[in-house]
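Letter 41 of the sequence shown, counting from 1, is numbered 55 in our numbering, and no numbers are missing. Cβ atoms here follow ideal geometry from the backbone N, Cα and C, with glycine treated the same way. Bear in mind that the values here come from a model prediction, so they are computed numbers and not experimental data.
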Amino acid sequence: MGRLTHCRLGWVKKTYMRIIIRQFNVDISEAAEQDLDSYAHFNAFFTRQLKEGARTFVSGDENIASPVDGRVSQAGSITDGRIFQAKGHDYSLTTLLGGNDAWSAKFGGGEFATLYLSPRDYHRIHMPMDAELKEMRHIPGRLFSVSPSTVRSVPGLFARNERVVCLFDTASGPLAMVLVGAIFVASVDTVWHGTVTPPTCPDIQSWQYGADEHRIQLAKGEEMGRFNMGSTVILLYGPNQMHWCDHLVTNTPIKMGQLIGTLT
Numbered sequence: 015m016g017r018l019t020h021c022r023l024g025w026v027k028k029t030y031m032r033i034i035i036r037q038f039n040v041d042i043s044e045a046a047e048q049d050l051d052s053y054a055h056f057n058a059f060f061t062r063q064l065k066e067g068a069r070t071f072v073s074g075d076e077n078i079a080s081p082v083d084g085r086v087s088q089a090g091s092i093t094d095g096r097i098f099q100a101k102g103h104d105y106s107l108t109t110l111l112g113g114n115d116a117w118s119a120k121f122g123g124g125e126f127a128t129l130y131l132s133p134r135d136y137h138r139i140h141m142p143m144d145a146e147l148k149e150m151r152h153i154p155g156r157l158f159s160v161s162p163s164t165v166r167s168v169p170g171l172f173a174r175n176e177r178v179v180c181l182f183d184t185a186s187g188p189l190a191m192v193l194v195g196a197i198f199v200a201s202v203d204t205v206w207h208g209t210v211t212p213p214t215c216p217d218i219q220s221w222q223y224g225a226d227e228h229r230i231q232l233a234k235g236e237e238m239g240r241f242n243m244g245s246t247v248i249l250l251y252g253p254n255q256m257h258w259c260d261h262l263v264t265n266t267p268i269k270m271g272q273l274i275g276t277l278t
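Encoded structure:
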């Protein structure tokens, strides 16, 4: 599938672009480049840039912006080290973070939001607030679909799928952005690393940041990564650090940059 999405044959790439646009009602008028011939391959179209002014980020240091276009899968509190997935299913915070007890302790009793990106959505990921990167972890795993129906039926899906965990410090406390891979292609890029996966290694890989020569600071609204096929972003915050907006309920559509929460 990865090779197919990077195929440069004109009829192949344009066929898949037109299928996605038609089947998922993609609003190509929001793209910076609307000429399908200008995209080198399907993946370039899938990760297309938005035109200037297509999204506006909420202002104010206390306001948390949505990092993506998509829909809310779930949002709420992390209780007893468990994160709610769907009715009858939850999963371990520590497992989600790849067994990292030190970071898990920072988020225990905090808040989470699971944001689903469908094939119609913009697939670049932006910062919800100002933050400094401290660690990135690539955790190998399965490639279950992350569609709503699968999330309702597969136990512990997000803690079983391949994922890239980005751990940050902010002025208000810890922040994690978990980029969950999905069916077909679990390909994830970050702006500081490039393509993190593939290839997939059998063991967890970890990169540390923070030394002067490896210091990475990102401002609210700045691009931090992208999915090369659709998937899910999970946001984690520490206890007493923030609260979600009342409108952030299951199946609510969201746009990148809109207000989703407020620091306390």
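Q: Throw me the rounded Cβ distance for the Val194 and Ile248 pair, which I believe falls under 8 Å.
A: Val194 to Ile248, Cβ: 7 Å. Contact.
Q: For Ser118, collect the residues of the same chain with a Cβ closer than 8 Å to its Cβ; drop the 5 residues on either side in sequence, then sort them by chain order.
A: Correct list, in chain order: Gly95, Leu107, Thr108 and Leu111.
Q. Taking the alpha-carbon positions, what's the Leu18 to Thr214 distance?
A. CA-CA distance, Leu18 to Thr214, rounds to 18 Å.
Q | Selected residue, minimal CA-CA separation from Pro154, among Leu129, Arg177, Arg22 and Pro267 | A | Selected option, being the one with the closest Cα: Arg177.
Q.
In chain order, what are the residue ranges of uninterrupted alpha helix (DSSP H) at least 4 long that sit wholly in the stretch 79-137?
A. Runs of the alpha helix (DSSP H) lying entirely within the stretch 79-137, each at least 4 residues long, are 107-110 and 115-121 in chain order.
Q) Among residues of its own chain, excluding the 5 on either side of His140, which ones have a beta-carbon nearer than 7 Å to its beta-carbon? A) Pro81, Gly235, Glu236, Glu237, Met238 and Met270.
Q. Closest by CA to Arg22, which one among Arg36, Phe56 and Asn39?
A. Closest option to Arg22, Cα to Cα, is Phe56.
Q.
Quick check on this structure: which residue in Trp206, Met150, Phe158 and Ala185 has the alpha carbon closest to the alpha carbon of Val179?
A. Nearest C-alpha to Val179: Met150.
Q) Roughly how many angstroms lie between the CA atoms of Gly67 and His228, to the nearest whole one? A) Our two residues, Gly67 and His228, have alpha carbons roughly 32 Å apart in a direct line.
Q: Using 10 angstroms around the beta-carbon of Asp135, count the other beta-carbons present and answer buried if the total reaches 16, otherwise exposed.
A: Classification for Asp135: buried.
Q: Starting from Gly239, follow its DSSP beta bridges and name the residues at the other end.
A: Per DSSP, Ile139 and Thr204.
Q: Would you mind reading off the limits of the alpha helix (DSSP H) that contains Arg166?
A: Note, Arg166: alpha helix (DSSP H), Pro162 to Ser167.
Q | Residues sharing a beta bridge with Phe182, DSSP | A | Residue pairing from DSSP places Phe182 in a beta bridge opposite Leu147 and Leu189.
**Q.** Closest by C-alpha distance to Trp206, when choosing among Asn175, Val160, Leu147 and Ser159
**A.** From the listed residues Asn175, Val160, Leu147 and Ser159, the smallest Cα separation to Trp206 is found for Leu147.
(Q) Spatial neighbours of Leu259 within its chain, please: C-beta separation below 8 Å, excluding the five flanking residues on both sides. (A) According to the sequence displayed, residue 259 carries Cys and not Leu. Here the set comprises Leu273, Ile274, Gly275 and Thr276.
Q: Closer than 6 Å by C-beta to Tyr53: which residues in its own chain qualify, once you throw out the five before and the five after it? Chain order, please.
A: Excluding residues within five positions, the ones whose Cβ falls inside 6 Å are Phe59.
Q) Are Asp203 and Val192 close, meaning C-beta to C-beta below 8 Å? A) Between Asp203 and Val192, the gap from beta carbon to beta carbon reaches 8 Å or more.
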